[in-house]
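**Student:** One structure, pasted below without further comment.
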Amino acid sequence: MEPFTPPVPLILCLIVAAIVVIASYILLVFFKKKSEIYTDYPKFNLQQWKIINYFIESKIIFFIQIISVLLFVIIILAGYIGNSNPIYNISPTFVWVIWWVGIAYTSAFLGNIWSLLNPWKIIFTWIELLFLKFSNRKTPDPLFQYPNKIGVWPSFFLFLIFAWIENVYHDAIIPLRISQLIVIYSMITWGGMILFGKNTWLRYGETFTIVFGFFAKFAPIQSRVLKKSTNNTITKTKQINLKEIYLCIFGSELLNIKKISISETLLVILLLATVTFDGFTGTLIWINFQNYITQFIPNIMLINTIGLLFSVLIFIGIYFYFCVLMMIASGNNLKTTDIAKSFVYTLIPIALAYHIAHFLLFLLIQGQLIFALISDPFGFDWNLFGTTNYKINFMLVSSNFYWITSVISILIGHIIAVFLSHTIALRLIISHKYAIRSQYPMLILMVGYTIASLWIITQPMYS
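Following this line, the structure appears as structure tokens:
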């Protein structure tokens with residue numbers, strides 16, 4: 035395979051990228067003295083538009099949820115009864131391209147659409163409503179109280195398994211295996227909802243709700259529940275929940291710092307580590323390393339498993355090492371764990387940027403298979419919508435366009451991360467001098483990852 039040659043020399047690209055990220059920080063230091071300016075960022079209530087309220091109150095949402103559940107069933111059936119060839123079965127393309135990549139992008143650039151489409155949530159809600167209808171209960175009662183000390187550790191390990199399946203498991207594109215894995219995950223998810231309650235498990239245990247929720251924090255469309263107290267006719271106070279849907283600036287919700295657990299912090303790092311590992315495993319360096327190690331460990335899956343785990347540990351170690359440096363630079367005003375939890379959301383734009391750089395070509399090229407597969411989802415030689423003969427257009431995206439888009443996304447992601455980190459530092463650390471100093475280690479970390487990301491995406495891919 036011929037390596038891709040960037041439009042400009044790679045070394046020049048890396049130097050310019052590093053300078054741009056550093057320059058963005060310097061500009062922030064000079065022009066951004068007070069964080070209060072960015073505390074109350076502009077918001078626009080979308081419910082002022084009648085069409086938004088009509089959409090919420092109509093049966094359109096219910097219709098969309100029916101389609102989501104129908105697709106969920108089709109994907110499972112396709113794996114069990116459809117063609118075993120991944121090219122002619124809708125399951126692999128839909129799960130790995132349309133769902134995993136497509137929902138991540140939509141969540142980040144539109145809003146938390148997964149909350150609307152989640153089939154596990156929808157199906158459980160329907161069954162729950164039927165149960166309540168034929169019982170005397172007004173609300174469902176979980177069997178157990180979820181131990182808050184556990185945090186999102188269930189989601190952490192479930193996502194680690196998902197990343198292992200995506201990056202290591204050799205049967206990840208086999209339709210039957212995909213359906214079997216979906217069924218297993220469904221049992222885990224619905225079991226968690228029965229044991230601890232639907233909303234509790236969605237908050238702590240349903241890993242895709244949490245991961246897509248991370249990306250959705252970057253989105254311009256957000257929602258929040260407003261609690262309002264009203265007096266009823268018997269002069270008793272009643273609290274009702276009102277949902278507000280509003281438009282805001284990209285990434286601004288990431289400034290809404292809340293108390294998060296160490297498990298949630300590690301889950302964000304895990305997301306960044308696994309997508310980076312996915313890109314690195316396609317490089318010649320990793321392929322040569324694999325070939326060398328197979329002399330001692332003749333098992334590619336085991337080598338990749340160890341590599342995945344090591345990459346996660348390395349990312350966690352590097353992040354906490356720089357958090358220690360930030361703690362020292364800030365004059366020991368904050369604990370290392372507090373710094374880690376407070377600044378981890380600044381990694382989300384970086385994870386999103388690399389997600390775009392790594393998967394954009396995959397979505398635009400491989401994703402075209404869906405046009406033929408919607409007419410023949412099971413590989414039975416159907417032609418339901420007349421699109422079975424659609425051929426992939428490999429010229430849809432040029433290599434230069436992909437490279438430029440990837441570079442721009444990585445640069446913008448890191449610049450936004452620098453802005454968020456700087457703002458959070460000014461909020462947390464009283465002394466402006468120490469707040470500025472605390473960002474030196476974070477700046478070094480972000481410049482380093484900018485260079486590493488750009489280097490990876492310019493390497494020839496062999497897998």
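Heads up: the sequence shown is residues 35 to 497, going by the working numbering.
Here a beta-carbon is modelled for each residue, glycine too, at the ideal position from N, C-alpha and C.
All of these numbers come straight from a predicted model, not from anything done at the bench.
For Pro209 versus Asn123, is the C-beta spacing smaller than 8 Å?
**Tutor:** yes
**Student:** Considering only C-alpha positions, which residue in the set Ala387, Phe428, Met480 is nearest to Val441?
**Tutor:** With distances taken between Cα atoms, Val441 lies closest to Ala387.
**Student:** Using CA atoms only, rank isn't needed, just tell me which of His456, Thr492, Phe106, Ile303 is closest to Ile444.
**Tutor:** Thr492
**Student:** So Lys375 is in the beta strand (DSSP E); what residue range does that whole segment cover?
**Tutor:** Note, Lys375: premise wrong, no beta strand (DSSP E); alpha helix (DSSP H) at 370-377.
**Student:** In whole angstroms, what separates the C-alpha of Tyr219 from that of Asn333?
**Tutor:** 27 Å
**Student:** Compute the beta-carbon to beta-carbon distance between Ile450 and Val63, rounded to the nearest angstrom, for a pair I have assumed lies under 8 Å.
**Tutor:** Actually they do not touch by this definition, with Cβ atoms about 16 Å apart.
**Student:** Among the residues of its own chain, which have a CB less than 6 Å from the CB of Val302, if the five just before and after it don't count?
**Tutor:** Val378, Leu381
**Student:** Since I believe Thr223 is in contact with Phe200 (beta carbons under 8 Å), could you give me their beta-carbon distance rounded to a whole number of angstroms?
**Tutor:** Note that residue 200 is Glu in the sequence shown, not Phe. About 18 Å; that fails the 8 Å criterion.
**Student:** For Lys277, does the three-state DSSP call read helix, strand or coil?
**Tutor:** strand
**Student:** Report the three-state DSSP secondary structure of Ile208 (helix, strand or coil).
**Tutor:** coil
**Student:** Could you compute how far the alpha carbon of Lys515 sits from the alpha carbon of Asp410?
**Tutor:** Here the chain covers residues 35 to 497 and nothing more, so residue 515 does not appear.
**Student:** Buried or exposed for Gly285, please, with buried defined as at least 16 other CB atoms from any protein chain shown within 10 angstroms of its CB.
**Tutor:** buried
**Student:** Short check: CB of Gly365 to CB of Tyr280, under 8 Å?
**Tutor:** no
**Student:** One question on the structure: do Ile109 and Phe128 come within less than 8 Å of each other, judged by their Cβ atoms?
**Tutor:** yes
**Student:** Just curious, the alpha helix (DSSP H) that Lys155 is in, first and last residue?
**Tutor:** Per DSSP, the unbroken alpha helix (DSSP H) holding Lys155 starts and ends at 153-167.
**Student:** So for Gln82, helix, strand or coil by DSSP?
**Tutor:** helix
**Student:** Could you please give the first and the last residue of the uninterrupted alpha helix (DSSP H) stretch that includes Glu503?
**Tutor:** A question about residue 503 goes unanswered here, because the residues of the chain that appear run from 35 up to 497.
**Student:** For Trp500, count neighbouring Cβ atoms within 10 angstroms of its own Cβ and tell me buried if that reaches 16, exposed if not.
**Tutor:** Residue numbering for the chain in the displayed model covers 35 to 497; residue 500 lies beyond these limits and cannot be assessed.
**Student:** Just to confirm, is the Cβ distance from Met361 to Ile373 under 8 Å?
**Tutor:** yes
**Student:** Beta carbon of Val346, beta carbon of Leu305: below 8 Å?
**Tutor:** In this structure, the beta-carbon distance from Val346 to Leu305 does not fall below 8 Å.
**Student:** Can you pull the DSSP bridge partners for Cys47?
**Tutor:** Paired residue(s): none; Cys47 is not in a bridge.
**Student:** How is Val452 classed by DSSP in three states: helix, strand or coil?
**Tutor:** helix
**Student:** How is the alpha helix (DSSP H) around Trp198 delimited, first residue to last?
**Tutor:** Note, Trp198: alpha helix (DSSP H), 187-201.
**Student:** Please tell me whether Tyr300 and Phe190 are closer than 8 Å, where the distance is taken between their beta carbons.
**Tutor:** For the sequence presented, residue 300 should be read as Leu rather than Tyr. Yes.
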